[in-house]
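Asks:
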Ligand SMILES: *Cc1c(COP(=O)(O)O)cnc(C)c1O
C-alpha cells in the first residue's frame with residue numbers, strides 16, 4: 005500500500021505542472037499524505053474507543069440528545085468557520101470523527117442490549133475501509149471481479165451450512181428486507197401460474213406467515229400489489245411460534261374465498277421474541293400443497309453455524325429460499341445480507357420471464373457472474389468483502405463461538421430475570437433475544453384487568469424511556485398480544501452477568517422512583 009500512495013503523490017505533481025485547471029482544493033482533498041496521517045490517528049482513536057468499550061470504562065451506551073439539539077449541533081458543524089471567506093472550513097476529519105463517536109450509540113459497549121445489530125469484528129471493519137477506498141461495484145463482473153468471486157464463496161459457504169446441495173445459489177443484498185422481497189418475487193414468478201412480470205398480477209395471490217413475522221414480509225406483499233388480504237396470518241402458540249396445525253384449514257378457507265396461496269414463510273426466528281417456527285413441519289405442508297417454502301432467517305438462520313443450536317433450524321435444507329443477515333449474529337457491519345435459493349435457476353426468476361432462463365443452456369448464458377441480474381441494486385457495494393474477511397481470517401469457528409456465547413448470555417439473563425420478584429419473563433429464550441417486563445405490585449393493580457394491562461404497558465414504556473435518556477444502558481421494547489414488554493438482544497459476547505444485573509437494578513430503581521415505594525413488590 006505504501007508504494008501505492010507514493011505513486012499517487014507524484015501523480016499530483018505531474019498534474020499540477022501540466023494542467024493548471026485542477027483546483028487546489030481538489031489536490032488537497034486527495035492528498036495521500038493527509039490521508040495517511042489522518043488515517044493513522046483515526047484508527048488509533050477507534051482502537052481506544054473499542055478498548056474503553058470492552059473494559060467497561062465507557063460510561064454510556066447511548067449518549068442521548070433530544071432530536072432538535074442533535075440537529076442544531078450538526079447544522080452548526082456544517083457551517084463554514086472562516087471569518088474571512090464563506091468558503092473556509094476549519095474542521096478536520098479527525099474532529100468530525102471524534103464528534104461522531106461521541107454522539108452515536110456505542111454498539112460495542114457491553115451495556116448496549118438493544119436492537120439486533122452486532123458489535124462488528126475489527127477484521128470486517130478494516131475490510132470495509134478498503135472496499136470504501138476501492139469503490140468497486142459488484143453488480144457487474146468487470147467492475148467487481150474480487151467482490152463477485154468473494155460473494156460466490158460466501159453464498160456457497162452459507163448454502164452448505166444450511167445442508168443444501170451444489171445446486172443452491174443466491175446473491176448478497178443490502179439487508180434482509182430487500183432479500184425477502186427478492187425471494188418473494190421469485191416465488192411469485194414460479195408459483196403464480198401466470199407471467200406476472202410481463203402482464204402484471206391479475207389474480208388475488210396470497211402467502212401464509214405467522215402473526216409474529218417481521219413487518220417487511222407484509223410490505224413485500226403490498227409492494228407486489230396483492231394488498232392487505234395478500235397476507236394470511238397464521239396464529240402462534242404460547243411460545244410465539246406458528247401453529248402449523250392451522251395451515252390446512254387456513255389454506256382451504258383462502259382457496260374457497262378465491263385466493264391463490266403460493267407460499268408459506270417460516271420465521272427463523274421471529275423478531276420480537278426470537279421464536280423459531282417449526283420449519284420441518286412447514287416444509288412438509290408446502291410439499292403436499294405445491295407451495296413455495298421461504299424462510300425469513302434474517303436473525304436466526306445464523307444458528308446453522310453452531311452445532312449446538314443448529315437443531316433450531318431443522319428443515320431449513322428443504323426451503324426453496326432462505327434469507328440471512330450477516331450483521332445480526334455474524335459480526336459484520338451493517339447492512340449485509342444474503343438470499344439463498346435451493347435451485348440456482350430459480351434465483352434468476354426474481355426479475356425475469358420464464359423464457360429468459362429456460363433458453364439459457366450454459367453457465368455463460370445464465371450470466372451468473374453479473375449479479376445485478378438477480379438483485380435490486382444496480383451499483384452494489386462490495387458486501388462480500390466484510391463477510392469473506394471473517395471467513396478467511398478467522399473461519400466459521402469464530403461465528404460458532406459468537407453464536408454459542410450469545411445464546412449462553414441470553415440464558416443467563418433469563419435466569420437473572422426469573423430470580424427477581426419485580427420482573428416477569430415472557431418466554432424462555434431460544435436465541436439471544438429476551439423479552440421481559442417490570443410488574444407493578446398487587447397493591448397498585450387495578451381490579452379491572454384491562455386497566456391493569458394498560459398500566460403495566462405504560463409503566464414499562466415510561467421506564468424504558470427514562471433509561472434511554474439516562475443512557476448508561478440501551479434496551480428496546482416490543483408489543484406482544486397487546487401489551488408492552490421490554491426487549492433485549494444480547495448482541496455483544498462481552499456482556500457480563502454484572503452488566504445484566506446492573507441493568508435490572510437500574511430498572512428497579514427507576515420504577516421505584518416514579519411509583520409508590522411498594523409499587524414493585526408483590
Ligand atoms: C431484522 C429482520 C429483518 C429485517 O432485516 P434488515 O436487514 O433490517 O432489512 C427481517 N426479518 C427478520 C426476521 C428480522 O429479524
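Residue numbers (this note's numbering): 5 to 526.
Glycine included, each C-beta is placed from N, C-alpha and C at the ideal position.
All values reported here derive from a predicted model rather than from experimental measurement.
How is the beta strand (DSSP E) around residue 300 delimited, first residue to last?
Replies: 296-301
Asks: Might you give, ordered along the chain, the residues of its own chain that have their beta carbon closer than 8 Å to the beta carbon of residue 252, omitting 5 neighbours on each side?
Replies: Hits under 8 Å: 289.
Asks: To which residues of the same chain is residue 227 closer than 7 Å at the C-beta, ignoring the five residues directly before and after it?
Replies: 185
Asks: Quick one: grab the DSSP three-state call for residue 489.
Replies: strand
Asks: List the whole-angstrom C-beta distance separating residue 105 from residue 149, where the pair is believed to meet the contact cut-off of C-beta under 8 Å.
Replies: About 34 Å separates the two Cβ atoms, so there is no contact after all.
Asks: Could you tell me if residue 189 is buried or exposed, where buried requires 16 or more neighbouring beta carbons within 10 angstroms of its beta carbon?
Replies: Under this definition residue 189 is a buried residue.
Asks: Indicate the three-state DSSP secondary structure (helix, strand or coil) for residue 320 in the structure shown.
Replies: helix
Asks: Whole-angstrom Cβ separation of residue 2 and residue 128, contact assumed at under 8 Å?
Replies: As displayed, the chain neither begins before 5 nor continues past 526, which places residue 2 out of reach and without an answer.
Asks: I'd like to confirm something about residue 301: is its beta-carbon nearer than 8 Å to some heavy atom of ligand 1, or not?
Replies: yes
Asks: Would you report the Cα separation of residue 392 and residue 80, rounded to the nearest angstrom?
Replies: 39 Å
Asks: Taking 8 Å as the cut-off, does the region 240-249 touch the region 202-211 (at least 3 CB pairs, one atom from each stretch)?
Replies: no
Asks: Using the three-state DSSP reduction, which class does residue 449 fall into: helix, strand or coil?
Replies: Reliability fails at residue 449, whose pLDDT of 49 lies under 50, so the model's placement of it is uncertain and the value that follows must be treated cautiously. Shown here, residue 449 sits in coil according to DSSP, grouped into three states, outside any helix or strand.
Asks: So what does DSSP say about residue 454, is it helix, strand or coil?
Replies: For residue 454, the predicted model reports a pLDDT of 47, less than 50, meaning its position is unreliable and no value from the coordinates is stated.
Asks: Can you tell me where the beta strand (DSSP E) with residue 174 in it begins and where it stops?
Replies: 173-177
Asks: Spatial neighbours of residue 147 within its chain, please: C-beta separation below 8 Å, excluding the five flanking residues on both sides.
Replies: 140 and 141
Asks: Please state whether DSSP places residue 275 in a helix, a strand or coil.
Replies: coil
Asks: Following a CB-centred definition, is residue 470 positioned closer than 8 Å to any heavy atom of ligand 1?
Replies: no
Asks: Let me check understanding here. Comparing Cα to Cα, which of 85, 175, 414 and 397 lies closest to residue 498?
Replies: 414
Asks: Here's the rule I'm using: 16 or more other beta-carbon atoms within 10 Å means buried, otherwise exposed. How should residue 486 be labelled?
Replies: exposed
Asks: I need the boundaries of the alpha helix (DSSP H) containing residue 288, first residue and last residue.
Replies: 283-293
Asks: Could you compute how far the alpha carbon of residue 193 sits from the alpha carbon of residue 51?
Replies: 48 Å
Asks: In chain order, which continuous runs of the alpha helix (DSSP H) of length 4 or greater are located wholly inside the region 82-168?
Replies: 97-106, 126-138 and 149-165
Asks: Taking just the CA atoms, how far does residue 231 sit from residue 270?
Replies: 20 Å
Asks: Between the Cα of residue 191 and the Cα atoms of 444, 263, 325 and 78, which residue gives the shortest distance?
Replies: Ranking the options by Cα distance to residue 191, first place goes to 325.
Asks: If you check the beta carbons only, do residue 308 and residue 167 fall under 9 Å apart?
Replies: yes
Asks: How many angstroms separate the CA atom of residue 71 from the CA atom of residue 173?
Replies: 43 Å
Asks: Leaving out five residues on either side along the sequence, give the residues of the same chain with a beta carbon under 6 Å from the beta carbon of residue 145.
Replies: Non-local C-beta neighbours of residue 145 in its own chain, meaning closer than 6 Å and more than five positions away in sequence, comprise 152, 373 and 374, ordered along the chain.
Asks: Under a three-way DSSP split, which group does residue 214 fall into?
Replies: Per DSSP, reduced to three states, the secondary structure at residue 214 is strand.
Asks: Cβ-heavy atom distance between residue 245 and ligand 1 below 8 Å?
Replies: no
Asks: Do residue 120 and ligand 1 come close, with the Cβ less than 8 Å from some heavy atom?
Replies: yes
Asks: Would you report the Cα separation of residue 165 and residue 397, rounded to the nearest angstrom?
Replies: 18 Å
Asks: Is it the case that the CB of residue 339 approaches a heavy atom of ligand 3 more closely than 8 Å?
Replies: Looking at this structure, you won't find ligand 3 anywhere; what it does contain is ligand 1.
Asks: Tell me the DSSP secondary structure of residue 470 in three-state form.
Replies: helix
Asks: When we look at the beta-carbon of residue 273 and count the other beta-carbons within 10 Å, is it buried (16 or more) or exposed?
Replies: buried
Asks: Taking only three categories from DSSP, how would you classify residue 342?
Replies: strand
Asks: For residue 425, count neighbouring C-beta atoms within 10 Å of its own C-beta (all shown protein chains included) and say buried if the count is 16 or more, exposed if not.
Replies: exposed
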